[in-house]
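Going by the working numbering, the first residue of the sequence shown is number 12, and it counts up by one from there.
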Amino acid sequence: VRKLPPFVTFVGLFVNETSKNIENICSYCGLNAVQLHGNEPPGFLDRLKHYKVIKAFRIKNERDIDPINRYKSDAVLLDGYAENKMGGSGASFDWKIVKKLKTSRPVIIAGGLTHLNVSRAIKIAKPYGVDVSSGVEIKPGKKDRKLIKKFIDAVKG
């Protein structure tokens, strides 16, 4: 991490971790931002004032966007809902829901994105950014360079 250019933002992904552990890990690894994928309450974000915070929300339907504005995060990530999985499930959601979210914060979409559908997702949702994990894997946890390149090319359109 320390060998990468200074303009790169280093983001740690956490699920239901304590703020103390998050701060220790961020300090040790030189992270600038955190992405929270757990059941953290809105006030939890107040403990992470030294970092940019991306709060992830699992979306099944339009009602799932209701609590988002109670969180004072720097950005919002909307992910597909999968039972007992907090991200990386490959589950998608209706991208039209993004338009119903009233926020001035950057919105990132995730969930079920691949090189085959990311262009359409961007066209519909008009997000600030996209997040991919399982959509560029050849098996769970194993990223594929060719799929990553195809995904990036599709994002660039």
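A virtual CB, placed ideally from N, CA and C, is assigned to each residue, including glycine. It should be emphasised that the depicted structure is a prediction, and the values quoted were computed from it without experimental measurement.
Rounded straight-line distance, which links the Cα of residue j to that of residue i
{"i": "S115", "j": "C37", "result": "26 Å"}
{"i": "H126", "j": "D85", "result": "27 Å"}
{"i": "P6", "j": "V64", "result": "Outside the modelled stretch of the chain, which goes from 12 to 168, sits residue 6, for which no answer is possible."}
{"i": "G152", "j": "L89", "result": "21 Å"}
{"i": "A102", "j": "G122", "result": "5 Å"}
{"i": "N50", "j": "K157", "result": "34 Å"}
{"i": "D75", "j": "Y92", "result": "10 Å"}
{"i": "K110", "j": "G168", "result": "21 Å"}
{"i": "W106", "j": "A136", "result": "5 Å"}
{"i": "V171", "j": "L124", "result": "Any question about residue 171 goes unanswered here, given that the chain covers just 12 to 168."}
{"i": "E169", "j": "Q46", "result": "No answer is possible for residue 169: it lies beyond the span of the chain, which begins at 12 and ends at 168."}
{"i": "Y62", "j": "I149", "result": "33 Å"}
{"i": "P52", "j": "V26", "result": "12 Å"}
{"i": "K161", "j": "K66", "result": "27 Å"}
{"i": "K134", "j": "I108", "result": "13 Å"}
{"i": "G146", "j": "N35", "result": "30 Å"}
{"i": "I159", "j": "S130", "result": "14 Å"}
{"i": "R13", "j": "N43", "result": "12 Å"}
{"i": "E94", "j": "D155", "result": "26 Å"}
{"i": "P138", "j": "D77", "result": "18 Å"}
{"i": "F68", "j": "I163", "result": "24 Å"}
Check: residue i C-beta below 8 Å from any heavy atom of the ligand MG
{"i": "N128", "result": "The ligand MG is not part of the structure shown, which contains no ligands of any sort."}
Closest residue to residue i among the options (Cα-Cα distance)
{"i": "D57", "options": "I33, V143, A165", "result": "I33"}
{"i": "I79", "options": "E94, L112, K107, A93", "result": "L112"}
{"i": "G54", "options": "N43, K110, D75, Y82", "result": "Y82"}
{"i": "A169", "options": "P138, Y139, N128", "result": "The structure shown has nothing for residue 169, since the chain only spans 12 to 168."}
{"i": "V22", "options": "K14, N35, G41", "result": "G41"}
{"i": "N72", "options": "I119, N95, S145, F104", "result": "F104"}
{"i": "L59", "options": "Y39, P16, S30, A132", "result": "S30"}
{"i": "V87", "options": "K154, F18, G140", "result": "G140"}
{"i": "L24", "options": "F18, H48, P17", "result": "H48"}
{"i": "I119", "options": "I70, N95, D155", "result": "I70"}
Strand pairing of residue i, partner residues [DSSP]
{"i": "D90", "result": "R69"}
{"i": "A44", "result": "V22, K63"}
{"i": "V118", "result": "V87"}
If we require 3 or more residues per run, which beta strand (DSSP E) segments fall completely within the region 123 to 168? For the region 123 to 168, whole beta strand (DSSP E) runs of length 3 or above, ordered along the chain, are 148 to 150.
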